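Sequential numbering of the sequence shown, starting at 37, is according to the numbering used here.
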Amino acid sequence: MKWLVIGGTRFLGRAFVERAIDGGHDVTLFNRGVSGPDVFPDLETITGDRTNPDDLAKLAGRQWDAVFDPSGYLPGVVRQSVDALRDSVGHYTFISSISAYRDFSQPGLDETYPVGTLDDPSVTEVTGETYGPLKALCEQVVAEGFTGRSLNVRAGLIIGPYDPTDRFTYWATRIQRGGDFLAPESPAYQVQAIDVRDIADWALRMAQAGTAGTFNVTSEHMPFGAVVEAIQQATGSSAMPVYVDAQFLIDNDVQMWMELPLWIPESEAGFAHMSKVSVKRAFDAGLRTRPLVDTVRDLLAWTATRPVDYAPKAGLAADKEARILDLWRVRQG
Numbered sequence: 037m038k039w040l041v042i043g044g045t046r047f048l049g050r051a052f053v054e055r056a057i058d059g060g061h062d063v064t065l066f067n068r069g070v071s072g073p074d075v076f077p078d079l080e081t082i083t084g085d086r087t088n089p090d091d092l093a094k095l096a097g098r099q100w101d102a103v104f105d106p107s108g109y110l111p112g113v114v115r116q117s118v119d120a121l122r123d124s125v126g127h128y129t130f131i132s133s134i135s136a137y138r139d140f141s142q143p144g145l146d147e148t149y150p151v152g153t154l155d156d157p158s159v160t161e162v163t164g165e166t167y168g169p170l171k172a173l174c175e176q177v178v179a180e181g182f183t184g185r186s187l188n189v190r191a192g193l194i195i196g197p198y199d200p201t202d203r204f205t206y207w208a209t210r211i212q213r214g215g216d217f218l219a220p221e222s223p224a225y226q227v228q229a230i231d232v233r234d235i236a237d238w239a240l241r242m243a244q245a246g247t248a249g250t251f252n253v254t255s256e257h258m259p260f261g262a263v264v265e266a267i268q269q270a271t272g273s274s275a276m277p278v279y280v281d282a283q284f285l286i287d288n289d290v291q292m293w294m295e296l297p298l299w300i301p302e303s304e305a306g307f308a309h310m311s312k313v314s315v316k317r318a319f320d321a322g323l324r325t326r327p328l329v330d331t332v333r334d335l336l337a338w339t340a341t342r343p344v345d346y347a348p349k350a351g352l353a354a355d356k357e358a359r360i361l362d363l364w365r366v367r368q369g
């Protein structure tokens, strides 16, 4: 297949391009040349900004079997891409997010659950409040522009090598470091996360088959204790979790999701079951996920190549973690 990939050099786009190359596909990149411009030196790269109509015009007159779009956040911008490619691309894969749903007030949400909406659909500022509804509007734009020939991937937390968010990476590096570490609630706490290469593999196969429709794409539910065990196995670490109840974490100003990635307390009613979405449809369509221990090994092999003074974007600061652990031990007597 001939592929056009928007972006393609950072995280999910990079993994997708690697899979496509391994599968013998012909790949053209369209990006600004800012993130990882030397990652794929042998691929054709059309330099351009998807927000610039003049740059999109560089795609005119070309034909591709499919496009992979992992970087659409604003419906107006996505519409420009859809309009530019409607007659030159056969199939459109759009990477959305489970954040598109209206809320997560109940477990097991499937693809029929309502999406979030905005009072002002013309908003162009992406924030924690607008991100999901804007993604939902982007989905609508793609579905309307590529009727019956678009794949809408509502991704959960994506993890693995080259992850720029440091969310899951925090747990891998923290447990690797050793010692007692602060953990959320209990080992039974449910989470979901998918290796970037697994979502890329699946999306590539689905697009090859011309599959259309919307799919939640993440792992099956797993207890946090299993995450800890996988990291311990991958690293040989003897680090031990100290599980702290949700209210104590809240009372001590621990930020959900960013300071303790994967953790969202049930008191956050609209988000309480964000890591419990249904993935039946995607698994029925062939989604498979690799053992978490393999993801951890590859993730840590990549983190070892980062500068020694790299400042993580997520996770508890060591001094704050130590302080809260001390307070918790005092409380427990």
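Positions of the beta carbon are idealized from the N, C-alpha and C atoms, including for glycine. Quantities reported herein were computed from a predicted structural model and do not represent experimental measurements.
- Counting of Cβ neighbours within 10 angstroms places D105 among the buried residues, the total reaching 16 or more.
- Judged by DSSP in its simplified three-state form, Y137 adopts strand.
- Across the set A266, W299 and Q269, the C-alpha of W299 shows the shortest separation from the C-alpha of Y279.
- Spanning the alpha carbons of G59 and T153 requires a straight line of approximately 39 Å.
- The bridge partners DSSP lists for D330 come to none.
- About 6 Å separates the beta carbon of S186 from that of F130, a gap short enough to meet the 8 Å contact definition.
- In this structure, the beta-carbon distance from E54 to R233 falls below 9 Å.
- With a threshold of 16 other beta carbon atoms within 10 Å, W238 meets it and is buried.
- Straight-line spacing of the CA atoms in S303 and W293 works out to 14 Å.
- Residue nearest to H61 within the set Q226, G49 and L40 is L40 (criterion: CA-CA distance).
- Assigned with DSSP and collapsed to three states, G261 falls in helix.
- When DSSP states are grouped into helix, strand and coil, E180 belongs to the helix group.
- By a beta-carbon distance limit of 8 Å, E165 does not contact R317. Their separation comes to about 27 Å.
- Excluding sequence positions up to five before and after L352, its CB lies within less than 6 Å of the CB of E295, all in the same chain and listed in chain order.
- Short of 6 Å from the beta carbon of L328, and not among the five residues preceding or following it, lie these beta carbons of its own chain, in chain order: A266.
- Cβ contact annotation for Y149 (same chain, cutoff 6 Å, sequence separation greater than five): Y137, in chain order.
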